[in-house]
Amino acid sequence: MSMKFTPEQQQAIDYKGSDLLVSAAAGSGKTAVLVERIINNIRTKYYSVDEIFVATFTKASARDMKQKLENRLRDIILKLEPYSDERMHLEEEVLKLNGAHISTLHSFCMFLIQNHYNVVGLSPDMRTLMEEEKESRISDVLDDILEAWYRSGDEDFLKLERFIATDKVNDPLKREIKKLYETAIATSDPFKFLNELVDQFLDEKRIHKRYEQGKDKYKVEVERTIERVDELMTLYTMAHESEVLAKQHKQFDKLGTLKEQLQELYKNIEADDFVLEKFETLPTRATKLYKDIEDSSIKFRVDGAMNEISMNLKSLASDLPVGKATLEKEMSELNGMNNVLISLAKSLIEGYRSNKARDQVIDFSDYEHFAIQILTANDGEVSDLYKSKFKEVMIDEYQDTNYVQEAIVSLIKTGDESNGNLFMVGDVKQSIYKFRQAAPELFIRKQNRFNNKGTGKVIPLNMNFRSNIGVLETTNFLFEHLMDGDVGEIEYTDAEKLYVGLDENKDIVKTEIVGLVGNKERNIRRTEIELDYVVKEIKALHNNGVKYKDIVLLTRNRKAIDQFNEIFRSHDIPLSYQDTKGYFDTLEIKTCVSLLSIIDNPLQDDKLIGIMRLPFFDFSEDDLAKIRLNSKAHYFYDALFDYMADDDTKEKIDILLDTLTFLVEESRYHTVSGLLSTIFEHFNITEFFAGLPGGDVRRANLFGLVERAIEFERMNHHSLYQFINHVNYLRDKDIDFGEESAISEHEDVVRVMTIHASKGLEFNYVFILNQDYSILGRGLSDKMLVHPDFGMALKSYDEGKGLVTTNLDYDLMYEKLVKERISEEMRLLYVALTRAKTKLFMPFVNILPEADFEEARADKMTYLETFKQPLYQYDDGRKVPADVRLSAKTIEALIIPMLFGSKETFYTARTEYIDEIRHEEEAKKRISFDDLIELNVSYSPQVETRMNYEYVPNEKNKETVKESVSEIKRKNETVPDEAILRNDLFERKVELTKPKFLDQSTDAPLFGTHMHAVMVQVSRRFDSLINLEIKAQTEVVKRIVSHYTEDIPLVTDTMRKRMRDYALKFISDPTIISIFKESKEVHTELPFIMSQKTIGYSDISGKMVQGIVDLLVEHKEHYVLIDYKTDRVKGVPVDELKDRYFTQMDIYQKSLMAALNKPVEVYLYYFNYGVVKVA
-12 MSMKFTPEQQ QAIDYKGSDL LVSAAAGSGK TAVLVERIIN NIRTKYYSVD
38 EIFVATFTKA SARDMKQKLE NRLRDIILKL EPYSDERMHL EEEVLKLNGA
88 HISTLHSFCM FLIQNHYNVV GLSPDMRTLM EEEKESRISD VLDDILEAWY
138 RSGDEDFLKL ERFIATDKVN DPLKREIKKL YETAIATSDP FKFLNELVDQ
188 FLDEKRIHKR YEQGKDKYKV EVERTIERVD ELMTLYTMAH ESEVLAKQHK
238 QFDKLGTLKE QLQELYKNIE ADDFVLEKFE TLPTRATKLY KDIEDSSIKF
288 RVDGAMNEIS MNLKSLASDL PVGKATLEKE MSELNGMNNV LISLAKSLIE
338 GYRSNKARDQ VIDFSDYEHF AIQILTANDG EVSDLYKSKF KEVMIDEYQD
388 TNYVQEAIVS LIKTGDESNG NLFMVGDVKQ SIYKFRQAAP ELFIRKQNRF
438 NNKGTGKVIP LNMNFRSNIG VLETTNFLFE HLMDGDVGEI EYTDAEKLYV
488 GLDENKDIVK TEIVGLVGNK ERNIRRTEIE LDYVVKEIKA LHNNGVKYKD
538 IVLLTRNRKA IDQFNEIFRS HDIPLSYQDT KGYFDTLEIK TCVSLLSIID
588 NPLQDDKLIG IMRLPFFDFS EDDLAKIRLN SKAHYFYDAL FDYMADDDTK
638 EKIDILLDTL TFLVEESRYH TVSGLLSTIF EHFNITEFFA GLPGGDVRRA
688 NLFGLVERAI EFERMNHHSL YQFINHVNYL RDKDIDFGEE SAISEHEDVV
738 RVMTIHASKG LEFNYVFILN QDYSILGRGL SDKMLVHPDF GMALKSYDEG
788 KGLVTTNLDY DLMYEKLVKE RISEEMRLLY VALTRAKTKL FMPFVNILPE
838 ADFEEARADK MTYLETFKQP LYQYDDGRKV PADVRLSAKT IEALIIPMLF
888 GSKETFYTAR TEYIDEIRHE EEAKKRISFD DLIELNVSYS PQVETRMNYE
938 YVPNEKNKET VKESVSEIKR KNETVPDEAI LRNDLFERKV ELTKPKFLDQ
988 STDAPLFGTH MHAVMVQVSR RFDSLINLEI KAQTEVVKRI VSHYTEDIPL
1038 VTDTMRKRMR DYALKFISDP TIISIFKESK EVHTELPFIM SQKTIGYSDI
1088 SGKMVQGIVD LLVEHKEHYV LIDYKTDRVK GVPVDELKDR YFTQMDIYQK
1138 SLMAALNKPV EVYLYYFNYG VVKVA
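Following the numbering used here, the residues of the sequence shown are numbered contiguously, the last one being 1162.
Okay, structure coming up:
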């Protein structure tokens, strides 16, 4: 069923003629619009799917986009007449989809480098540096640069070194140079960025601009203080009759005098006169003017005004602007250090580039810069190639594009804004990746510029099809008061508001706002109070039929997630969260890394002994002691060879050494990921760790290690030593992944995630937690501040006195950075709020000293009233002043006065006082062993019998509970009479593989694995493939093979050709065609587990067999099992082919017949022979 689009959505789907920016608010269906636009243009033959470029923010989004396009195309194809022109056209588009340029911009840059490396003189066999290699090279280059500067004795350099470095080390100086370097390379032209900063502190125009900015900033502060004085005078007038004011006129008149002083100060600043008189003092709270205020609400507002005026007066006195001459002198004294820093950063860029070029390597940051070089080389030859290829360039999540990416996009799109082919979609209110150099201002500028003559087109999508009106109204209310051009970088007008798109969401479900007031003397942590509330609400929801999986807890604080598990476990609430740390400390990962380390270098006693103690080798402490005492060898590994006693320890040593020898040989011919797979299979590692507590997560961790090894290999790395160093680097640098998630999206568990991780997701019930997270964080107090747009600022340094102070230039830069961070935090809040479909929960916590707590509880204070000095007083309908928003240290400081101070009806706000928290486990009193003995219980013979039961050893104790089909097959095989004893099995010989030009044979295990993956896809598409012409069949199979092997470094073109030929032979086999004919359903890679007793392979109850069926074709009255084999069977008789896998097929057949209660036919399919019917 096709989706019904709104007029605005349809306009975004149909519009052509210029660059188009779709400003798509949360839940407005932007992905559906983007997909439908592509589908429409394909159907009308405006372009083919391989004539567009679609940039997504993540690889997962790219895969999802391709899948959505394929599903949509197939839905349309099914409704069309067979062999009609449109159907054939769309089927061809499905075939092209796999090769379409739908990827991240980063992946597209890598594509450009791989295909056009010669344009900029890159080597075709270059490799990408791992992060630790990059850091090491940069550090080495920087050390050489600094050594040369130290030798030069340059005074400005030495001053800079004393300014930034410490007495002992120059690491702080290195950090600042790297910071400037990293900011520069994040721009489209690093040297241009740096060159524009040279002599910036001698630039008269720049200094004059800063001087005027400083004056304007100070005048704004004076004006705001005057406004607050006026407000305070008005409040006193409201609170008192005129007679009372007359009696208190001396105190009241102080406010008039203060106002006149501030107005005079304003005029003086305009006239460049920076003399400051001592301010008149405010009336104190000890005066009758204050004490006699009867109206508590007015008194509350008076308190706020008095507090703000006092702070402002202190700020005005301390921040008086300096004269222009003084500013010029301050700036000039920084210029030498400024230029030295720039020279150092430029030298680092040049030196590091030379270092990489020498060894023919690149790093991740090079991808985008080399892409620009490729596109602009030879008068834009490559750029013109892609401009002619791409009929439309589409950018998803445009708000998170950076300047370098914008430059790349401009080199592959055609036309200017007024007649271009660029389609951009996103929501600037959801731009939350500034820390990754995202530039939301690119979106904002186009949004403001488009729709004017000679520019592009903007189409807003504000209808929300996700959330209840209660969620939307809460979001609109907050951002109407918080977001504008000054803070937030965009005006939150009616055009930006969210509107209900579905009738079912118009019945309001009120947002729940709760203020939790804690007693400090009870030593209850803030997190405990917050989560105690959350637990109660989740239980209430669950008792009312809400599933756990419909609930999510969102936090800004990534580290807070680790505290949740213990509390939720104590309440029996299932919780899914990704550990933010500890991946490398898990037993399974430490075991694998230790084993890899020993394979690479066994002379590591700690790792070797750790491996020996594992159940795989089962060395006891006594064994280790005997080995050590028996030898004087320095390394424990050498001591193993000295042990000659004929006992169990010697037997264990022989097994260990044989295993290590085997694995060392394997490591010489396998990639790291291949070696890990061998280790897993040899030791049954995944099964072993899956049997321990938390087995699902442990298994996921192990698979994750293989995935990371594959990523390592994709960057042209293959050395085991490099991989171990890479892992050690990540662990040492605390670059931890957290444990893998083993929870599927369908499992009924409460989810916990960061707000960043939640982007693009939706949940019925959303709790927003940890809103006390500090906005400013680290880096804003450094001696140097740097920004790709704002440049660089330095603190002032009085070398004689050793004083470091701020200056006007630094303060202005600091304010811009603070504004940027607060704007980003506000956008994060917007993302969090708009994840909710049904209801929002927003708890806040304030912990008071016991006396204040008791007073507040007795007086039944609202949550807002428990704050002696809130950031501001909410004024209905009035936007929170920009300077107040910019002074916020946390998001909750910004929104608490609003949420608890307004009378809006789309949410409920309440206050709870928390004096203690009773955990459920406290009710389960722990009993000591002595208590147990003293318990008065009746005697039970049955209990005594069970407690004293001794297991009688017998042969069944040695039986395994579960076996694989292969294990049973080996156990049931008999040794042929003609077999002879092999004496050469343990002779280790190095057999070097032939070069590819001498031997085009394939690696059997690798080939078999990926051949099976290809056949899964071929089998699932069999019905559609069989109806295609041979040419079309070949193309589809070719694309399948390419897609499922493109990222596997060791799969050669020879392998791919053989896979394609085998798959086509399978499709054309008459027996296979007859098997698929009139089939109901096809099942691939089907796992099963069956009792061995049921199928006659054991007489022991409870003993199981497990296996995986390659292909099961379901018919009405029976099933057909097909098992793929890649054995080389040329010249082998058919009977022998049947017998070779008889046991395996017999187990499969009997297990399936027992499970399905229907007949099962069994076939083997040998790829280089054909079909063999077994039963």
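Beta carbons are placed, not taken as given, at the ideal position from N, Cα and C, and that holds for glycine.
Would you tell me roughly how many angstroms separate the C-alpha atoms of residue i and residue j, rounded to the nearest one?
i: L985; j: I672; result: Residue placement at L985 is flagged as unreliable, the pLDDT there being 40, under the threshold of 50; a coordinate-derived value is accordingly withheld.
i: A482; j: E476; result: 15 Å
i: A910; j: S557; result: Confidence at A910 is low in this model, with a pLDDT of 42, below 50, so the placement of that residue is unreliable and no value is reported for it.
i: D553; j: F180; result: Per the sequence presented here, residue 553 reads as Glu, with Asp not at that position. C-alpha separation (whole angstroms): 49 Å.
i: I1134; j: V1005; result: 26 Å
i: E1148; j: G1118; result: 25 Å
i: P(-6); j: N449; result: 12 Å
i: N530; j: N435; result: 49 Å
i: Y1156; j: E1022; result: 23 Å
i: K202; j: L147; result: 29 Å
i: L300; j: L249; result: 10 Å
i: D769; j: L781; result: 9 Å
i: L7; j: V445; result: 6 Å
i: M1002; j: D634; result: 51 Å
The beta strand (DSSP E) with residue i in it runs from where to where?
i: V1159; result: G1157 to K1160
i: I151; result: First-last for I151: E142 to I151, but that is the alpha helix (DSSP H), not the beta strand (DSSP E).
i: A1019; result: Counting along the chain, A1019 falls outside any beta strand (DSSP E), though it belongs to the alpha helix (DSSP H) covering I1017 to T1032.
i: M381; result: E379 to D383
i: I1082; result: Counting along the chain, I1082 falls outside any beta strand (DSSP E), and DSSP gives it neither H nor E.
i: H774; result: M771 to H774
i: Q1093; result: M1091 to E1101
i: F893; result: Element bounds for F893: n/a, residue is neither H nor E.
Should residue i be labelled buried (16 or more other beta-carbon atoms within 10 Å of its own) or exposed?
i: Y936; result: exposed
i: M52; result: buried
i: H195; result: exposed
i: G661; result: buried
i: R1045; result: buried
i: T895; result: exposed
i: S584; result: buried
i: R543; result: buried
i: N1144; result: exposed
i: H88; result: buried
i: F39; result: As written in the sequence, residue 39 is Ile, which differs from the Phe given in the question. By the neighbour-count rule (16 or more Cβ atoms within 10 Å), I39 is buried.
i: T821; result: buried
i: M1042; result: buried
i: P602; result: exposed
i: V1024; result: buried
i: P680; result: exposed
i: D519; result: buried
Residue range of the alpha helix (DSSP H) that residue i falls in?
i: N506; result: Per DSSP, N506 belongs to no alpha helix (DSSP H); it is in the beta strand (DSSP E), T498 to N506.
i: E264; result: Per DSSP, E264 belongs to no alpha helix (DSSP H) and is neither H nor E.
i: I594; result: Just to set this straight, residue 594 is Lys in the shown sequence, not Ile. That run of the alpha helix (DSSP H) goes D592 to M599.
i: N617; result: E608 to N617
Exercise for the section: Decide yes or no for the touch test of the region 161 to 174 against the region 194 to 213: beta carbon pairs closer than 8 Å, at least 3 of them. Expected result: no
Problem - Contact the region 146 to 162 vs the region 355 to 366: 3+ CB pairs below 8 Å - result: no
Practice task
Within the region 439 to 524, note down every full beta strand (DSSP E) run reaching 3 residues or more, in order along the chain.
Solution key: 444 to 448 and 498 to 506
Practice task
For the region 1066 to 1080 and the region 1098 to 1106, state whether three or more C-beta atom pairs, one from each stretch, are separated by less than 8 Å.
Solution key: Yes: the two stretches touch, three or more of their Cβ pairs being nearer than 8 Å.
Problem - Inter-stretch contact (C-beta, 8 Å, three-pair minimum) for the region 413 to 424 and the region 75 to 82 - result: no
Handout entry: Runs of alpha helix (DSSP H) wholly within the region 329 to 383 (minimum 4 residues, chain order)
Key = 351 to 376
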